[in-house]
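Chains as they are written, first to last, in the numbering used here: chain A, 3 to 328; chain B, 189 to 513.
Positions of the beta carbon are idealized from the N, C-alpha and C atoms, including for glycine.
Predicted, not measured: the structure shown is a model, and the values here were computed from it.
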Amino acid sequence: MTVLDVRDLQTHFFTDTGVVKAVDGVSFSLGEGEVLGLVGESGSGKSVTGFSILRLVDPPGRVVGGQINFRGQDLATLSARDMRSLRGNRIAMIFQDPMMTLNPVLRIETQMVEAVRAHDRVSHAAARDRAIQALSKVGIPSPEERLAAYPHQFSGGMRQRVAIAIALLNGPDLIVADEPTTALDVTIQSQILAEVQELARDTGTALIWITHDLAVVAGLADKICVMYAGRIVETGPTDAVLTAPGHPYTEGLLGSIPGHGRRGERLTQIPGMAPNMARLPLGCAFAPRCARASDICRTAAPEITDIGPGRALRCYHPAPMAEGVA
Amino acid sequence: MLVFLLRRLAQSVFVLIAMMIVVFFGVFMIGNPVDILISPDATPLEIEETMARFGFDQPVHVQFLKFVGNALQGDLGRSFVHGESAVSLILSYMPATLELALLGLIFSVAIGVPLGVYAGYKADRWQGRTIMTGSIFGFSLPNFWVGMLLILIFAVELRWLPSTGRGDTVEVLGLRLSIFTADGFQHMILPALTLALYKASLVTRLARAGTQEALMQDYVKFARAKGLSETRILVVHVLKNIMIPIITVLGLELGSMIAFAVVTETVFAWPGMGKLLIDSILTLDRPVIVAYLMLTVIIFIVINLIVDVVYTLLDPRVRVKGDAA
Chain A
3 MTVLDVRDLQ
13 THFFTDTGVV
23 KAVDGVSFSL
33 GEGEVLGLVG
43 ESGSGKSVTG
53 FSILRLVDPP
63 GRVVGGQINF
73 RGQDLATLSA
83 RDMRSLRGNR
93 IAMIFQDPMM
103 TLNPVLRIET
113 QMVEAVRAHD
123 RVSHAAARDR
133 AIQALSKVGI
143 PSPEERLAAY
153 PHQFSGGMRQ
163 RVAIAIALLN
173 GPDLIVADEP
183 TTALDVTIQS
193 QILAEVQELA
203 RDTGTALIWI
213 THDLAVVAGL
223 ADKICVMYAG
233 RIVETGPTDA
243 VLTAPGHPYT
253 EGLLGSIPGH
263 GRRGERLTQI
273 PGMAPNMARL
283 PLGCAFAPRC
293 ARASDICRTA
303 APEITDIGPG
313 RALRCYHPAP
323 MAEGVA
Chain B
189 MLVFLLRRLA
199 QSVFVLIAMM
209 IVVFFGVFMI
219 GNPVDILISP
229 DATPLEIEET
239 MARFGFDQPV
249 HVQFLKFVGN
259 ALQGDLGRSF
269 VHGESAVSLI
279 LSYMPATLEL
289 ALLGLIFSVA
299 IGVPLGVYAG
309 YKADRWQGRT
319 IMTGSIFGFS
329 LPNFWVGMLL
339 ILIFAVELRW
349 LPSTGRGDTV
359 EVLGLRLSIF
369 TADGFQHMIL
379 PALTLALYKA
389 SLVTRLARAG
399 TQEALMQDYV
409 KFARAKGLSE
419 TRILVVHVLK
429 NIMIPIITVL
439 GLELGSMIAF
449 AVVTETVFAW
459 PGMGKLLIDS
469 ILTLDRPVIV
479 AYLMLTVIIF
489 IVINLIVDVV
499 YTLLDPRVRV
509 KGDAA
C-alpha cells in the first residue's frame with residue numbers, strides 16, 4: 003500500500019536575488035516498509051524535499067505547488083493544526099547533526115516524554131515507559147538511568163540514537179532521515195544503518211533516506227532518486243540504477259566512490275561545481291559539467307521519460323547500457 | 189561547586205580592599221566636613237577640639253589605617269550628623285530599598301520576558317516592530333519624568349494609587365516591610381514601575397535577540413518535527429536557553445537598582461538608602477558615604493555570586509565544568 007505519493011512538488015525560496023527553485027517538480031512514491039534513497043550533492047534540493055514533506059521549510063522558502071499525498075491526505079493543503087498532529091506522530095524526522103538537534107538544557111526524559119504527550123493523552127509515567135522502550139530498541143544501555151541525562155553527556159552516535167528513538171516513539175508510518183549518519187564515525191555509521199534498516203523492516207515503516215553518499219544507500223534503499231539542481235534526474239530500483247546508471251550525473255557519482263579492487267586506479271570526478279540555483283542555465287542544468295552535452299542540452303531542458311519498470315531518466319543522451327538493461 | 193565558591197570569595201576580598209582604598213581617598217578629597225559640622229562663629233579652640241575628636245588632625249595615611257582597622261571589626265564609623273553607627277544607619281534604611289528593587293525586578297521580568305519572546309517570534313511582523321519601538325521609549329525616557337508622569341496619571345487624575353511614602357508596614361523577621369500589607373503594596377506599585385521601565389526595555393531587547401537566535405537552531409526545528417505546539421516550543425525550549433544572558437544582565441541591574449534608586453526614591457519620597465545617600469552627600473557625612481559605597485560593593489559581589497549559582501541551575505553544561513574545577 004502506498005504511504006506517500008509526492009506529485010510535482012515545488013518548493014521555492016523567495017530571496018533578494020531572485021526566486022530559487024530549490025525543488026522544482028519532484029515526484030516519487032513510497033510503499034509500506036519501503037526505503038527510498040534520495041541522493042544528490044549539497045544544494046541539489048534533497049533536504050528541502052524532506053523538509054517540504056513535513057512542511058518545515060523555513061521562510062523565505064515555501065511549498066508553492068504540487069501534492070504531497072500521505073495516506074490519502076494532501077499535506078500541501080492541510081491546516082497547520084492537522085499538520086502538527088501528524089508531525090512526530092505519523093511522520094517523523096531525523097536530522098543531520100545530532101549535536102544540534104537535542105535541546106542542550108533539557109533532560110532526555112523531558113524531550114522524549116513531551117514528544118509522546120504531544121500526541122497521546124497518556125500519563126507522564128506511561129510516556130516515560132514508552133521512552134525507555136524506544137531507547138532500548140535503538141541500543142542505548144541502561145535506558146532508565148540515561149533518561150535523566152542531558153544531551154552533552156552523550157557521544158555523537160548516542161545522541162543520534164536518541165534522536166532515532168524519539169522518531170520511533172509514536173510508531174510513525176514514515177520517517178524522513180536527513181543525512182543522519184553524515185556527522186558520525188564510519189563504524190557508528192554502519193551500526194546505525196543496520197539498526198535503522200532492521201527497525202523499518204520490522205515495523206513496516208516507510209523510510210526516506212537523504213544522503214549525498216551513494217555507498218550508504220546501496221545496501222539500504224529499495225529504490226533511488228538522484229536529484230540535481232532541484233529535479234530528479236534519474237530514478238529506479240537501487241540495483242538497476244547502481245549497476246547500469248543512465249544519467250551522466252549518476253555515472254559521475256558512482257565513479258567517485260572509492261571501492262575494492264580499484265587500488266591504483268584514478269577516481270573519476272565530476273568537473274565543475276554545483277550550479278548557482280538562482281541562475282540556472284537555460285537547458286539541462288547539468289549540461290555545463292557534462293561530457294556528452296550537445297546543442298539541444300544547452301537550449302531546452304529534457305523531460306523525465308520512463309525507460310523501464312520503475313525507471314525514469316531526464317537526459318537526451320543516456321548511457322547506452324541503460325537502454326540495453328531496460 | 190565548593191571550590192568554585194571559595195575561589196570566588198577570595199577574589200571578592202581583593203575587590204573589597206581595592207574599593208576601600210578608592211572610596212576612602214576619594215571621599216577625603218571632596219572637602220572638610222568640619223566646615224559643615226561646626227557653626228561659622230566657633231572659636232579656633234573649638235574647631236581644633238572637634239578636629240581632634242574626629243581624628244581629622246592626623247595625616248591621611250594614619251586616618252586610613254585607623255579606618256581599615258575599624259572596618260575589619262565591622263565598624264565603618266559614626267555618622268557625623270546622626271551620631272549613630274553608619275552601618276546600622278544604612279541598614280535601617282535598607283529594607284525599604286531592597287523590597288522596592290525586588291518588586292521592580294519582578295515587574296521588569298514579568299513585562300520584559302513575554303514581550304521580548306513574542307517580539308522575537310514575530311520579529312518581521314508589526315507586533316514585533318511595535319514592541320521594539322516601545323522599548324526605545326523605555327530606554328530613553330528619564331526616570332524622574334516617568335515617575336512624575338505616573339503620579340500625574342494614576343495618583344492625581346485617576347486617584348487609583350498613592351504616590352508618596354511607604355504606607356502601612358509590617359514587621360517580618362525583624363525588618364519593617366511594606367510589601368506584605370495591602371496598603372504598603374499599593375504604595376510600592378508606582379515607584380517599582382518607574383524603576384522597572386528601563387530594565388523591562390532592556391530585558392525585552394535581550395529576550396527578543398535571544399529568541400530570534402534560538403528559533404534558528406536545529407533543536408527548535410526538531411521540536412517542531414516532534415509535533416510540539418508553538419507555545420511549548422517558546423515557553424520550554426526557547427525560554428530556558430535565553431535565560432542565561434538575561435539573568436546575567438538582571439543581576440547587574442538589580443545591584444544598580446538597589447544602590448542607585450536615588451532619583452526614584454526622591455520623586456516618590458520613598459525613605460530608602462538612596463535618599464539617605466543624597467542627604468549624606470549634602471552634609472558631607474563622610475562615614476555614611478563610605479559605608480554606603482562599601483555596602484554597594486558587597487551587594488554587587490553577592491549578586492554576582494548568586495548569578496553564577498543560578499547559571500549552574502539553568503545550564504547543565506556549566507554544572508559539569510564547575511565540578512571539574
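Under 9 Å between the Cβ atoms of residue i and residue j?
i: A/Val-28; j: A/Gly-254; result: no
i: A/Arg-161; j: A/Pro-174; result: no
i: A/Leu-104; j: B/Tyr-407; result: yes
i: A/Val-59; j: A/Gln-12; result: no
i: B/Val-211; j: B/Met-482; result: yes
i: A/Ala-179; j: A/Ile-210; result: yes
i: B/Leu-338; j: B/Leu-378; result: yes
i: A/Ala-280; j: A/Ala-289; result: no
i: A/Ala-321; j: A/Gly-248; result: yes
i: B/Leu-253; j: B/Ser-267; result: no
i: A/Ser-87; j: B/Gly-415; result: yes
Rounding to the nearest angstrom, what Cα-Cα distance links residue i and residue j in this structure?
i: A/Arg-268; j: A/Ile-259; result: 11 Å
i: B/Ala-240; j: B/Gly-257; result: 18 Å
i: B/Gln-199; j: B/Val-497; result: 16 Å
i: A/Ala-94; j: B/Val-391; result: 36 Å
i: A/Pro-311; j: A/Leu-256; result: 22 Å
i: B/Val-275; j: A/His-121; result: 60 Å
i: B/Pro-247; j: B/Ala-384; result: 45 Å
i: A/Gln-113; j: B/Val-426; result: 13 Å
i: B/Met-298; j: A/Ala-185; result: Per the sequence shown, residue 298 of chain B should be read as Ala rather than Met. Rounded to the nearest angstrom, the two C-alpha atoms are 41 Å apart.
i: A/Ile-272; j: A/Arg-291; result: 7 Å
i: B/His-249; j: B/Ile-341; result: 54 Å
i: B/Gly-398; j: B/Phe-213; result: 42 Å
i: B/Ile-487; j: B/Tyr-480; result: 10 Å
i: B/Met-461; j: B/Gly-262; result: 19 Å
i: A/Leu-108; j: B/Ile-432; result: 14 Å
i: A/Asp-7; j: A/Ala-276; result: 28 Å
i: B/Val-269; j: B/Leu-286; result: 24 Å
i: B/Gly-308; j: B/Ala-395; result: 7 Å
i: B/Glu-359; j: B/Ala-284; result: 12 Å
i: B/Gln-405; j: B/Ile-430; result: 12 Å
i: A/Thr-17; j: B/Val-201; result: 56 Å
i: A/Ala-303; j: A/Val-25; result: 15 Å
By Cβ distance below 6 Å, which residues in the same chain neighbour residue i in space, the five residues on each side in sequence not counted?
i: A/Gly-90; result: Ala-117
i: A/Leu-137; result: Pro-145, Ala-167
i: B/Ser-389; result: Ser-323, Gly-326, Phe-327
i: A/Val-21; result: His-14
i: B/Met-207; result: Val-485
i: A/Gly-238; result: Gly-312, Arg-313
i: B/Phe-514; result: Because residue 514 of chain B is not part of the residues shown, which for chain B are 189 to 513, the question remains open.
Apart from the five residues just before and just after residue i, which ones in its own chain have a Cβ nearer than 7 Å to its Cβ?
i: A/Gly-206; result: Glu-34, Gly-35
i: A/Thr-240; result: Gly-39, Val-219, Ala-220, Ala-223, Asp-224, Lys-225, Ile-226
i: A/Met-85; result: Arg-57, Leu-77
i: A/Val-115; result: His-126, Ala-129, Arg-130, Ala-133
Output, in chain order, the set of chain B residues within a Cβ distance shorter than 7 Å of residue i.
i: A/Gly-90; result: Ala-413, Lys-414, Gly-415
i: A/Thr-103; result: Asp-406, Tyr-407, Phe-410
Enumerate in chain order the residues of its own chain whose CB-to-CB distance from residue i is below 8 Å, with the five nearest sequence positions on each side excluded.
i: B/Thr-357; result: Arg-364, Leu-365, Ser-366, Thr-369, Gly-372
i: A/Ala-165; result: Ile-96, Phe-97, Pro-100, Thr-103, Leu-104, Pro-182
i: A/Gly-326; result: Confidence is the limiting factor: at A/Gly-326 the pLDDT is only 46, short of 50, which leaves the residue's position unreliable, though a coordinate-based value still follows. Within the same chain, A/Gly-326 has close Cβ partners Ala-246.
i: A/Ala-208; result: Val-5, Leu-6, Leu-32, Gly-33, Glu-34, Gly-35, Glu-36, Val-37, Leu-38, Asp-175, Leu-176, Ile-177, Ala-202
i: A/Pro-106; result: Tyr-152, Pro-153, His-154
CB of residue i to nearest heavy atom of the ligand PLP: below 8 Å?
i: A/Asn-278; result: Summarising the ligand content, the structure contains no ligands, and the ligand PLP is consequently not present.
Name the chain A residues that come within less than 7 Å of residue i, Cβ to Cβ?
i: B/Asp-503; result: Val-107
Assuming the contact rule is C-beta atoms closer than 8 Å, residue i and residue j should be a hit. Round their C-beta distance to whole Å, please.
i: B/Leu-493; j: B/Arg-196; result: 6 Å
i: A/Ala-223; j: A/Leu-38; result: 6 Å
i: A/Leu-176; j: A/Lys-139; result: Rounded, the Cβ-Cβ distance is 18 Å, inconsistent with contact.
i: B/Ala-289; j: B/Leu-442; result: 6 Å
Please compile the residues from chain A whose C-beta is within a distance smaller than 8 Å of the C-beta of residue i.
i: B/Arg-420; result: Glu-116, Ala-120
i: B/Asn-429; result: Asn-105, Pro-106, Val-107
Anything in chain B within Cβ reach of residue i, meaning under 8 Å, just list it in chain order.
i: A/Met-95; result: Phe-410, Ala-413
Could you tell me which chain B residues have their CB closer than 9 Å to the CB of residue i, listed as they occur along the chain?
i: A/Arg-123; result: Correct list: empty, because the minimum Cβ distance to chain B is about 14 Å.
i: A/Asp-99; result: Asp-406
i: A/Arg-86; result: Arg-412, Gly-415, Leu-416, Ser-417, Glu-418
For this session: Check distances from the C-beta atoms of the region 291 to 320 of chain B to those of chain E and list, in chain order, the residues that come in under 9 Å.
Result: Of the chains in the structure shown, none is chain E; the protein chains are A and B.
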